[in-house]
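In our numbering, the protein residues as written are 29 to 496. Beta carbons: idealized from backbone N, C-alpha and C, even for Gly. All values reported here derive from a predicted model rather than from experimental measurement. Notes follow once the structure below has been shown.
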Ligand code: SF4
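Shown next, in the form of structure tokens:
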């Protein structure tokens, strides 16, 4: 690490990011704009005219601490709030054909990674969709693809898997535990049956509790429970009911998600949430949830994530999301080199999703060796991504880390943005310290603050994207 100057430079370096449009000094922004879990967002990707060969994209990249992600785009139901790339059910042997295609893709991608240096995966994740929509035998095959084709050592690294209560069966969990799963994330959303119905995720609390018991019996070290606030009819009391029901399992992690109603999702067709009252409801429930978890021995990791103090770690993982590459396999999964983020086509509408998955299952090995859509990451975007991914974590961003990577000070690169955040009280110490860290109010406004760090070009691309 390099030393941190006592004061920020007053002039921006020649390579400083493109200035963003002027920002309002006060907290005028609505708190729930978008969940920035990756930057740039996939809606800023565009078809790559020359469909570059993966072998060329990965040549010369560091590949000794990669992240491996396998996407399983199947669910038993389509939750009303969900805009993820997934379809309902899988008729006529579709999961088998999907795994065949995944195997072809894994072989093509591993070949493209080449042997010009060590290739090692520092962590792995199965997400979706619902990976446990697959049968136990199919999950064995999924693990075999990750290990046999890609060379990931699943038992030696952190392996996270998403599951739904209905599909978290003992036989599937036994496979996952035996193959080295260190974290099982269960999408519960609410322990109140009426709220689950209102979110178009029909389930009975008794079934959820039984699933949690099976996860604990499987002995997977880290249990995560996802909950949602802002559901129609949810009250502080019913929110507390869900929080306490989750806490009764002493989960190592809890994610509290604000409800969003996005275009083309089930809830978008039923309700029209646009008012500030809903913002106030969500902010109130967020603060109640945060305070309740902090009072019960949890630490806040980000706006959404809480970890039980002293809980078992997820397992060895030396991947750094700001700098290390990612390989995503499966329809809808993205991959990151230092210069390009790429993926397959993407949709929210069910008919479009089915067509894209069908295309995927017939894709040849040769086509799997190319990147069809994506977005280049230049030095401007790399700086924004580093700042975003660090600042949205409760521990914040050491200014020295940024300086070491980019040779400049983030306060010189993003003067308007950081000044606006400071004026709103969203930065601890007004952003003047050696670590840029969000205040409690800043963390609460992560979904407003994040989008303000998007570059003008990414904003324009996202605005021009036609949801399908
Ligand atoms: S929220 Fe999860 S379980 Fe529900 S439809 Fe989306 S991916 Fe499937």
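query, result
"Give a single yes or no on whether residue 242 has its beta carbon closer than 7 Å to a heavy atom of ligand 1.", "no"
"Expressed to the nearest angstrom, what Euclidean distance is found between the alpha-carbon atoms of residue 372 and residue 475?", "26 Å"
"Can you give me the C-alpha to C-alpha distance between residue 95 and residue 152, rounded to a whole angstrom?", "6 Å"
"Consider the C-beta atom of residue 192 and the heavy atoms of ligand 1; say whether any pair is separated by less than 7 Å.", "yes"
"Is it true that the CB of residue 399 sits closer than 8 Å to the CB of residue 76?", "yes"
"Spatial neighbours of residue 58 within its chain, please: C-beta separation below 8 Å, excluding the five flanking residues on both sides.", "304, 307 and 476"
"Measuring only from the beta carbon, is residue 160 closer than 7 Å to any heavy atom that is part of ligand 1?", "no"
"Could you name the residues that DSSP lists as bridge partners for residue 103?", "116"
"Out of 459, 255 and 214, state which residue places its alpha-carbon closest to the alpha-carbon of residue 442.", "459"
"In terms of residues, what are the limits of the beta strand (DSSP E) holding residue 156?", "149 to 156"
"How about residue 347 and residue 180: are their beta carbons less than 8 Å apart?", "no"
"Below 8 Å on the Cβ atoms is my contact criterion, and I expect residue 252 with residue 281 to pass it. Report the Cβ-Cβ distance as a whole number of Å.", "4 Å"
"Answer yes or no: do residue 155 and residue 102 have a C-beta to C-beta separation smaller than 8 Å?", "no"
"Under the rule that 16 or more other beta-carbon atoms within 10 Å means buried, what is residue 358, buried or exposed?", "buried"
"Do three or more CB pairs link the segment 380 to 399 to the segment 429 to 446 at distances below 8 Å?", "no"
"Return yes when the Cβ of residue 138 is within less than 8 Å of the Cβ of residue 177, no when it is not.", "yes"
"Let me confirm a value: residue 116 is counted as buried when at least 16 other C-beta atoms fall within 10 Å, else exposed. Which label applies?", "exposed"
"Does DSSP put residue 330 in a helix, in a strand, or in coil?", "strand"
"In this structure, how does DSSP classify residue 172 when only helix, strand and coil are distinguished?", "helix"
"Can you tell me the Cα-Cα spacing of residue 427 and residue 468, whole angstroms?", "20 Å"
"Closest to residue 161 by C-alpha separation, out of 369, 465, 62 and 127, would be which residue?", "127"
"Does the Cβ-Cβ distance between residue 456 and residue 466 come in under 8 Å?", "yes"
"What does residue 356 pair with, by DSSP beta-bridge criteria?", "97"
"With respect to 7 Å, is the separation between the Cβ of residue 114 and the closest non-hydrogen atom of ligand 1 below this value?", "yes"
"Taking residue 366 as the reference, give the member of 63, 190, 90 and 71 with the closest Cα.", "90"
"CB-CB under 7 Å to residue 164, same chain, minus the five flanking residues each way: which ones, in chain order?", "199, 200 and 203"
"Please confirm whether any heavy atom of ligand 1 lies closer than 7 Å to the CB of residue 359.", "no"
"With DSSP as the reference, label residue 385 as helix, strand or coil.", "helix"
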